[in-house]
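Numbering (this note's numbering), first residue to last: 25 to 153.
Here a beta-carbon is modelled for each residue, glycine too, at the ideal position from N, C-alpha and C.
Report on the following structure.
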């Protein structure tokens with residue numbers, strides 16, 4: 025069983041990160057699940073869309089869920105880029121990084137607009153391949 029990453033497919037910044045992860049996931053260690061797809065709730069009825077939309081979630085092999093930067097760190101570790109997010113999991117930095125992430129997650133569409141010129145992906149879909 026692989027690590028399942030639940031992401032917001034309507035967020036342009038999320039799209040960019042997921043695209044980079046997909047390219048690096050040569051061993052298919054990650055299952056990417058877009059929570060904005062119309063059939064998502066029927067495939068995952070036990071998961072709350074409100075909770076998933078509030079912050080990124082990941083499901084480990086044992087079925088337990090992790091959230092926020094723990095998900096990002098796990099995903100990048102699985103594709104061989106552990107060093108990228110490792111400092112954000114160090115004890116003192118972790119507390120600040122997690123608080124910053126919650127602000128980012130809450131305002132990701134506005135931040136996406138400031139950085140990319142797009143608040144949401146065009147036609148309500150990002151162009152992930």
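Around the beta carbon of residue 36, a 10 Å sphere encloses 16 or more other beta carbons of the protein chains shown; the residue is thus reported as buried. According to the DSSP secondary-structure assignment, residue 31 is paired through a beta bridge with 58. If you keep only unbroken beta strand (DSSP E) runs of at least 3 residues inside the segment 82-122, you get 89-91. Here DSSP, grouped into helix, strand and coil, assigns residue 143 to coil. Inter-residue distance for residue 58 and residue 115 is about 30 Å (C-alpha atoms, whole angstroms). Comparing C-alpha distances from residue 93 to each of 43, 39, 122 shows the shortest one belongs to 122. Separation of residue 80 and residue 141 (C-alpha to C-alpha, rounded to the nearest whole angstrom) is 22 Å. DSSP places residue 66 in the uninterrupted alpha helix (DSSP H) bounded by 64-67. Residues of the same chain with a CB within less than 8 Å of the CB of residue 73, apart from the 5 flanking positions on each side, are 59, 64, 65 in chain order. In this structure residue 136 is buried. Its beta-carbon is surrounded by 16 or more other beta-carbon atoms within 10 angstroms. In the three-state scheme derived from DSSP, where H, G and I count as helix and E and B as strand, residue 50 is classed as coil.
Excluding sequence positions up to five before and after residue 28, its CB lies within less than 7 Å of the CB of 55, 57, 82, 83, all in the same chain and listed in chain order. Counting along the chain, residue 73 sits inside the alpha helix (DSSP H) bounded by residues 73-78.
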